[in-house]
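Counting in this note's numbering, the sequence shown runs from 25 upward without gaps. We treat Cβ as the ideally placed atom computed from N, Cα and C, and that holds for glycine. Just so you know, these numbers come straight off a predicted model, no measurement behind them.
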Amino acid sequence: MRLMRWHRWSFGRFVGLAAGCMLASSAAAAQASTAASTRDTPRAAPATSRPGDRKASPYRRATKLTPKAEAYYVAAWGVDKLKVSSTSSGNLIRFSYRVSDPQRARSLADKKSTPYLLGQRSKALLQVPVMDKVGQLRQTATPEVGQEYWMVFSNKGNLVKPGDRVNVMIGPFHADGLVVEKS
């Protein structure tokens, strides 16, 4: 009888010990899974920030061309001070440039070549609008040194927004990765 009581007592103790171990291992597994999920998911914004505030990307800071890119456009195409800006309404995107070598810049002012502006984010291909009495909204005069020339692209539907990167293509001329500025 005494043996039986000890057996019951030890069996009960064993079951209790086993249940405790299983409970501890499940708690450790739950803690490890929450630690792994918080490591993989982005952290919530601090309580002091408002829902509309977003952290600015460090990769969007450089809106101007690098010195090497400026030197390339001067040497290859005879233009500098490339600028793409949005109008206040957002319905037009203006591309402007200054001529430094008229011989090389002739291809930009060629009436036969159709200019396009490609939005890298939206994949929108914009064209220069043609007005009935005015014609194309671009300057096609013979390039002169130091003169600034422009052309306007129709942005109906505001597909290209300020801060977007765009490619400007005029015949053989390609300017890639220009940032649209606010006017």
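Asked: Need the endpoints of the alpha helix (DSSP H) that residue 98 sits in, please.; Found: 91 to 101
Asked: In the DSSP assignment, find the beta strand (DSSP E) that holds residue 203 and state where it starts and stops.; Found: 197 to 206
Asked: Since residue 183 is in the beta strand (DSSP E), which residue starts that stretch and which ends it?; Found: Premise fails: residue 183 is in no beta strand (DSSP E) and is neither H nor E.
Asked: Using a threshold of 9 Å, state whether the C-beta atoms of residue 186 and residue 109 are closer than that.; Found: yes
Asked: May I ask which residues mark the beginning and end of the beta strand (DSSP E) holding residue 139?; Found: 139 to 143
Asked: Below 8 Å, can you find three or more Cβ-Cβ pairs linking the segment 174 to 190 to the segment 140 to 147?; Found: yes
Asked: Let me know if residue 169 comes out buried or exposed under the rule of 16 or more other beta-carbons within 10 Å of its beta-carbon.; Found: exposed
Asked: So residue 112 and residue 207 are supposed to be a Cβ contact under 8 Å. How far apart are they, rounded?; Found: 6 Å
Asked: Given residue 11, which residues of its chain have a CB within under 7 Å of its CB, disregarding the five upstream and five downstream residues?; Found: Residue numbering for the chain in the displayed model covers 25 to 207; residue 11 lies beyond these limits and cannot be assessed.
Asked: So, for residue 161: in the same chain, excluding its five sequence neighbours on each side, which residues have a beta-carbon less than 6 Å away from its beta-carbon?; Found: 152, 153, 176
Asked: At the level of alpha carbons, what is the spacing between residue 172 and residue 120?; Found: 7 Å
Asked: What did DSSP end up calling residue 112 once you bin it into helix, strand or coil?; Found: coil
Asked: With respect to the beta strand (DSSP E) encompassing residue 151, which residues constitute its N-terminal and C-terminal limits?; Found: 149 to 151
Asked: If you measure between the beta carbons of residue 124 and residue 194, is that distance less than 9 Å?; Found: no
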